[in-house]
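**Student:** Before anything else, here's the structure in question.
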Amino acid sequence: MDDGSAHDLLVVKQSLERVARRAGHAVRYFYAHLFSHHPHLRALFPAVMADQYERLFAALVHAVQHLGHPGLPAHLERLGRDHRRFGVVDEDYAAVGDSLVAAMRQHSPHTWDEPTEAAWRRVYAGMAESMTAGARRSVAARQPAFWEATVVSHRLHGDHTAAVRTPYPWLPGQYATVEHSGLPGVWRPYSLAGGTGNAADRERLLEFHVGRVRGGLLSTALCDDTAPGRLLRLGAASGSALAPPPGTPAVTLIAAGTGWAPVKPVLDELLARRPAPRVRIDAVARGESHFYDGAWLDGLLRDHPCLSAYWWYQERGEGRMRAADRLHTHLRGRRDWADESVYLCGPVRFVQETADLLYENGLPPAALIRDPQPSSLRPRGHVSHAEAFLDPVPVRWIDPQARTGALETPAESAARAPLQAPVAAPRR
Numbered sequence: 012m013d014d015g016s017a018h019d020l021l022v023v024k025q026s027l028e029r030v031a032r033r034a035g036h037a038v039r040y041f042y043a044h045l046f047s048h049h050p051h052l053r054a055l056f057p058a059v060m061a062d063q064y065e066r067l068f069a070a071l072v073h074a075v076q077h078l079g080h081p082g083l084p085a086h087l088e089r090l091g092r093d094h095r096r097f098g099v100v101d102e103d104y105a106a107v108g109d110s111l112v113a114a115m116r117q118h119s120p121h122t123w124d125e126p127t128e129a130a131w132r133r134v135y136a137g138m139a140e141s142m143t144a145g146a147r148r149s150v151a152a153r154q155p156a157f158w159e160a161t162v163v164s165h166r167l168h169g170d171h172t173a174a175v176r177t178p179y180p181w182l183p184g185q186y187a188t189v190e191h192s193g194l195p196g197v198w199r200p201y202s203l204a205g206g207t208g209n210a211a212d213r214e215r216l217l218e219f220h221v222g223r224v225r226g227g228l229l230s231t232a233l234c235d236d237t238a239p240g241r242l243l244r245l246g247a248a249s250g251s252a253l254a255p256p257p258g259t260p261a262v263t264l265i266a267a268g269t270g271w272a273p274v275k276p277v278l279d280e281l282l283a284r285r286p287a288p289r290v291r292i293d294a295v296a297r298g299e300s301h302f303y304d305g306a307w308l309d310g311l312l313r314d315h316p317c318l319s320a321y322w323w324y325q326e327r328g329e330g331r332m333r334a335a336d337r338l339h340t341h342l343r344g345r346r347d348w349a350d351e352s353v354y355l356c357g358p359v360r361f362v363q364e365t366a367d368l369l370y371e372n373g374l375p376p377a378a379l380i381r382d383p384q385p386s387s388l389r390p391r392g393h394v395s396h397a398e399a400f401l402d403p404v405p406v407r408w409i410d411p412q413a414r415t416g417a418l419e420t421p422a423e424s425a426a427r428a429p430l431q432a433p434v435a436a437p438r439r
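Here the sequence shown is numbered in the numbering used here, starting from 12 and rising by one per residue.
See below:
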């Protein structure tokens, strides 16, 4: 990186820091500017923006925060590939850049000058170039902008499982973004929970475990307005939290809630290896009735002597966190972490606390394949009374890369996994 580029990155990052405490206002100005100057772009967004309102802006902010990181170009290429599903074309990137600069200019009037604007435009041009390159590469590879999937089964068990049939390229441990035909423009990431365990069948039948989110748009639709025959759309599979490499002698799979979804196909892959590794499962749920896949797992336990499973759940009279506490006590008592790989998925706080515990008890960081999803809310720090009145709810600075770790270098990556629930499958 030359001195000019390094100076641009510094100027842009400092400029963003000054705007961050007015994030909510900047987001609204960004979209107002974008839609007023380019009204045709409004059709690319859902009718009800709600919490999706800031996602594009947040993705741009996330990229700026990682300027200079060696993994950023590859991340931007994937982002450009993924934006094909919205119908974004090369010309739209210039419009977004103009609105981004306008939002930054509007919310830093005392520090904005021509050199700052020039730095923003140069940096954004580089970002847009990587994104358009990713989209063009996807087109050249004849990858569809999205896949269409037809739901073939659906069952309710505190969460829902939607199974869809159609060809779709993916790997165990990955996730896909999903759109429901009743909610055009609303996409959410869900882990691919797999199909039958047969590699050929797995390409035809996908399974998703969707935990209901109170007030959630897509999770509610997938729970309450999805039946066989319903059409879903899927974006390309993403994520690098894959199964431990062949030759790993022992694997512990730890899953809480719908964190079971990505664990399921990883378990399939491990049991298909010859010889199969020793596999232990620690499954955590709110109650015994929440183990919705128990019968399937019982069948595997009968057929595979290398597999053992333990269920951790809240018993009568216990507090909500008691099951996790008992699991953690058990993990602390284990002394066999040296040759172990651990695949860890579940709610954010559970994953972080369990990862810290494993590290403290001797698990090498490179042996942990985990879901690194952070909290989606970024504190604003001190704001004036006027700002608090006008903008009472902190903006969600969603980290679109949190689940995949693509901004890590190969030496840093110790595995990644999915967000909160699973999705669907496609047809070209």
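Cβ coordinates follow ideal geometry from the N, Cα and C atoms, glycine included.
(1) Taking 8 Å as the threshold, find out whether the region 233 to 244 comes into contact with the region 266 to 273 through three or more Cβ pairs.
(2) Please classify W307: does DSSP put it in a helix, a strand, or coil?
(3) Which residues in the same chain as Y104 place their Cβ atom closer than 8 Å to its Cβ, once the five residues preceding and following it in sequence are excluded?
(4) Is P180 helix, strand or coil when you go by DSSP?
(5) Residues in the same chain with beta-carbon distance under 6 Å from L182, minus the five sequence neighbours each way, listed in chain order, please.
(6) What are the boundary residues of the beta strand (DSSP E) that includes L45?
(7) Does DSSP put R381 in a helix, in a strand, or in coil?
(8) Locate the beta strand (DSSP E) running through T365, then write down its first and last residues.
(9) For A106, collect the residues of the same chain with a Cβ closer than 6 Å to its Cβ; drop the 5 residues on either side in sequence, then sort them by chain order.
(10) Can you tell me whether Q325 is buried or exposed, with buried defined as 16 or more other CB within 10 angstroms of its CB?
(11) Since W271 is in the alpha helix (DSSP H), which residue starts that stretch and which ends it?
(12) Assign C317 to one of three DSSP states: helix, strand, or coil.
(13) What span of residues does the alpha helix (DSSP H) with A446 cover, start to end?
(14) Can you tell me the Cα-Cα spacing of A296 and R360, whole angstroms?
(15) So which of P195, G205, H165 has the shortest CA-CA distance to P178?
(16) Please determine, among G250, T365, Q25, S164, the residue with the shortest C-alpha to C-alpha distance to P441.
(17) Quick one: give me the first and last residue of the alpha helix (DSSP H) that L242 is part of.
(18) Let me make sure I understand the geometry here. Which of L233, R116, W123, D109 has the alpha-carbon closest to that of H168?
(19) Rounded to whole angstroms, what is the Cα-Cα separation between S202 and Q154?
(20) Would you mind stating whether V277 and L216 have Cβ atoms separated by less than 9 Å?
(21) Distance check for R291 and L312, CA to CA, integer angstroms please.
(22) Is it buried or exposed, R440, if we count other Cβ atoms within 10 angstroms and call 16 or more buried?
(23) Could you work out which residue in V30, L242, L20 is closest to W11 when comparing CA atoms only?
(24) List the endpoints of the continuous alpha helix (DSSP H) containing G222.
(25) Would you kindly work out how many angstroms separate the C-alpha atoms of D101 and M115, rounded to a whole number?
(26) Cα-Cα, which of G227, V99, A34, V30 is closest to H51?
(27) Rounded to the nearest angstrom, what separates R414 and W123 at their Cα positions?
(28) Less than 9 Å separating the beta-carbons of T188 and G246?
**Tutor:** Judging by the given coordinates:
(1) Contact between the region 233 to 244 and the region 266 to 273 is not established, with fewer than three Cβ pairs separated by less than 8 Å.
(2) Three-state result, W307: helix.
(3) For Y104, where only same-chain residues beyond five positions count, the Cβ hits under 8 Å are A139, M142, T143.
(4) In the structure shown, P180 sits in coil (DSSP, three-state: anything other than H, G, I, E or B).
(5) Excluding five sequence positions before and after L182, the CB atoms of its chain that fall closer than 6 Å to its own CB belong to L253, given in chain order.
(6) L45 -> not in any beta strand (DSSP E); alpha helix (DSSP H) instead, spanning 34 to 48.
(7) R381: strand per DSSP, three-state reduction.
(8) No beta strand (DSSP E) holds T365; the alpha helix (DSSP H) holding it covers 359 to 371.
(9) Correct list, in chain order: H49.
(10) So Q325 counts as buried.
(11) Counting along the chain, the alpha helix (DSSP H) containing W271 begins and ends at 271 to 283.
(12) When DSSP states are grouped into helix, strand and coil, C317 belongs to the coil group.
(13) Limits of the chain in this structure are 12 at one end and 439 at the other, which puts residue 446 out of reach.
(14) A296 and R360: Cα-Cα distance of roughly 14 Å.
(15) Considering only alpha carbons, the answer is G205.
(16) Here the chain comprises residues numbered 12 to 439, so residue 441 is not present and cannot be evaluated.
(17) Following the DSSP letters along the chain, one finds L242 in no alpha helix (DSSP H) but inside the beta strand (DSSP E) bounded by residues 242 to 245.
(18) Among L233, R116, W123, D109, the Cα nearest to that of H168 belongs to L233.
(19) Distance between the alpha carbons of S202 and Q154: 20 Å.
(20) Going by C-beta atoms, V277 is not nearer than 9 Å to L216.
(21) Cα to Cα, L312 sits roughly 10 Å from R291.
(22) What is shown of the chain runs 12 to 439, which leaves residue 440 out entirely.
(23) With the chain represented from 12 up to 439, any question about residue 11 goes unanswered, as that position is not in the structure.
(24) From DSSP, G222 is part of no alpha helix (DSSP H) but of the beta strand (DSSP E) over 216 to 222.
(25) Near 22 Å, if we compare the C-alpha coordinates of M115 and D101.
(26) Minimum Cα distance to H51 is reached at V99.
(27) Residue placement at R414 is poorly supported in this model, since its pLDDT is 33, which falls under 50; the coordinates are not used for a value here.
(28) Closer than 9 Å, so yes.
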